[in-house]
Amino acid sequence: MAATRGMSPPRPRTHFRDGLGLACLGLAGWGAAPLLGEPAWALPALVAGVGGGAGIATTGHRTARRAAMVGHLADALAPLLGITGRGRPALTAHRWTRGWPGTPRRLKLQYGTGRVKVDDATPGARVELGESRWASEVARQVSRRLGNDYVVCSNDPIRGKLTLKLQPSTPTETTQESPQVGRAKRVVNELLGGTATIGKVDVDEETGEVRRLSVKHEVGAKLVAPGYRNRVERTVSVMLPGRWRAKWDMEGDTVTFEVRPTLPESLWIPPLELPDSDPLANYRAVEIPYGVDEDSEAIAWRPAITPQWLITGETGSGKTSTGHGILTQITKFGWPVWIADGKGIEFLGFQDWPNVQIVASTIAEQVAVIHRAWQLMERRYQLVVERRASPSDFEPLMVFVDEFTDLK
């Protein structure tokens, strides 16, 4: 049931009358002081009366203007706050800025229960009072009518109280906000429950599209679940141009959204400095760089940590070329290499390569290589179990199987 509040008649404003009365008293004191034998009090009486009267009239007029502003805003927000009939919602303004008549830094609103339609909702659809989407729409309407940016400070659906705060303007905001920037702010604010405080925004100078924006929020408890954060990132990528990612600071309640860097189609990665050429000594230190991530940081394979590695991809995606690069690097470390060449022609060039002991081309040869590797592994296990050797006594062996799916 939506709330209904009766309108009380406005109290008459008497600031002009009170100010005029005080000014008249000052004039009377100015004229009466000499007649009473106190000429020294004439000027102070005049200044106090006229000055005080002007102050009362001025501050009273400003108070009246502020009250009228709040009243018009309350009437405009009544449908959005669930107020029906001729009622006016409970709306109070606090901590006004300087100026004439000033701007409230805090707005406290009381709302009822029920469902209302918001401007950006699907035709015919309604949202529940107190939802984050509804609170964000209230803040947007207030910002549009008062000409300043307001964000949700707190929202208590149980008590039906919504508090908005004035967004401080930054010195860099000297130009009108572009539609792209406005849309990015609205999307992020809605995803973060209407509590987003937008900081620095980076824009592409050529296209005007937003590339990066910093945000402070007040919904840290909701963002604890990784799935919720992933959903926010996916939604931003759908609603805004480009592929986006987010860097979350859960302790500081901040997040930075940015467009993911574009990866090159191909790249050359210089090999790392060679460790000791003795396989028994360099086993733990060997790592093979094979790519870079979005931040241009090299990604490497460390066999001592992850002994098995699978390369998969479509035809022509670079699997064989990547395999060649791995083999050329691993052999430089002195490791023996056995290759099962699925196509029989892709690794012929490694037949005379240093430390490559065999390149098996036929199916029978490939099966024999894999079976021999299994026998060697079982033999080593047996020696360790019998305490005749330790794992560090065995040099590493790399078995490279090409076209594993076809072989299997």
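All letters in the sequence shown, in the order written, are residues -19 to 388 by the working numbering. Just so you know, even glycine gets a beta-carbon here, dropped at the ideal spot from N, CA and C.
Proximal residues to residue i (C-beta, below 8 Å), its chain only, five neighbours per side dropped
i	result
E274	R225, R240, P241 and L243
L146	T77, T83, P84, R85, R86, N128, D129 and Y130
S158	V183 and G188
D386	G322
L356	L377
G298	S246
One or two residues paired with residue i in a DSSP bridge
i	result
P137	Paired residue(s): none; P137 is not in a bridge.
Y130	L146
D182	R192
F237	L193 and A226
H74	R86
V96	V107
T177	K196
I268	W281
Residue i: first and last residue of the uninterrupted alpha helix (DSSP H) it sits in
i	result
K312	K299 to K312
T295	Per DSSP, T295 belongs to no alpha helix (DSSP H) and is neither H nor E.
V365	I343 to V365
P159	P159 to L171
P259	P259 to N262
F384	F384 to L387
Residues near residue i in its chain [Cβ-Cβ closer than 6 Å; skip 5 each side]
i	result
A284	Y263 and R264
H197	L172, T175, A176 and D233
S257	G314
A353	V379
T292	none
L260	E375
I306	I268
G271	I279
F327	I319, D321 and V339
N456	For residue 456 there is no data in the structure shown, the boundaries of the chain being -19 and 388.
K227	T236
G222	V239
K180	S194
R368	none
R360	F374
Option in the options with minimal Cα separation from residue i
i	options	result
R192	S370, Y208, E238 and K88	E238
Q156	G188, R125, Q309 and P137	G188
V381	T342, V365 and P371	T342
V204	V183, D229, V364 and A22	D229
E267	W281, A340 and V181	W281
K88	P81, A70 and T39	A70
Q309	A28, V272 and F330	F330
S217	S116, E245, D373 and R163	R163
P81	T39, L7, T215 and K388	T39
E185	V272, L247, V161 and M219	V161
A333	W21, H304 and Y361	In the sequence as presented, Ala is not what sits at residue 333; that position holds Trp. Here the closest residue by C-alpha is H304.
T215	W248, R166 and G296	R166
S194	K202, E213 and T236	T236
S276	K388, S301, I249 and E294	I249
E111	A44, P137 and R120	P137
R388	A44, A344 and A28	According to the sequence shown, residue 388 is Lys rather than Arg. The shortest Cα separation from K388 among A44, A344 and A28 belongs to A344.
I325	Y361, Q90, G17 and T300	T300
L7	A28, L16 and R139	A28
I178	E358, P148, L290 and P206	P148
Same chain only: Cβ atoms within 7 Å of residue i, ignoring 5 sequence neighbours per side
i	result
E383	G322 and K323
R125	L53 and A56
G200	M230 and D233
A101	Note that A101 scores a pLDDT of 44, beneath 50, so its modelled location is shaky and nothing firm can be said.
E153	Note that E153 has pLDDT 47, beneath the 50 cutoff, so the model's placement of it is unreliable and the number below is only indicative. Once the five neighbours on either side are set aside, E153 has no close Cβ partner at all.
P(-11)	In this prediction, P(-11) has a pLDDT of 47, which is less than 50 and means its spatial position is unreliable; nothing more can be read from the coordinates.
E213	W224, R225 and A226
Supposed contact pair residue j and residue i - C-beta distance, whole angstroms, cut 8 Å
i	j	result
V107	V122	Their Cβ separation, rounded to whole angstroms, is 17 Å, which puts V107 and V122 out of contact at 8 Å.
W318	Q288	Rounded, the Cβ-Cβ distance is 15 Å, inconsistent with contact.
R46	A73	7 Å
L23	G62	Not really, about 58 Å apart at Cβ, beyond 8 Å.
L430	V132	Residue 430 lies beyond the residue range present for the chain, which begins at -19 and ends at 388; the question has no answer from this structure.
V365	P371	Their Cβ separation, rounded to whole angstroms, is 11 Å, which puts V365 and P371 out of contact at 8 Å.
L220	V190	7 Å
G92	G140	6 Å
Enclosing beta strand (DSSP E) for residue i [first to last residue]
i	result
M378	M378 to V381
I319	V317 to A320
A280	A278 to W281
K88	P84 to Q90
Q337	V336 to A340
G207	Where G207 is concerned, there is no enclosing beta strand (DSSP E), although the alpha helix (DSSP H) it sits in stretches over P206 to M219.
Min CB distance residue i to chain C below 8 Å
i	result
W333	No chain C appears in the structure shown, which is made up of a single protein chain.
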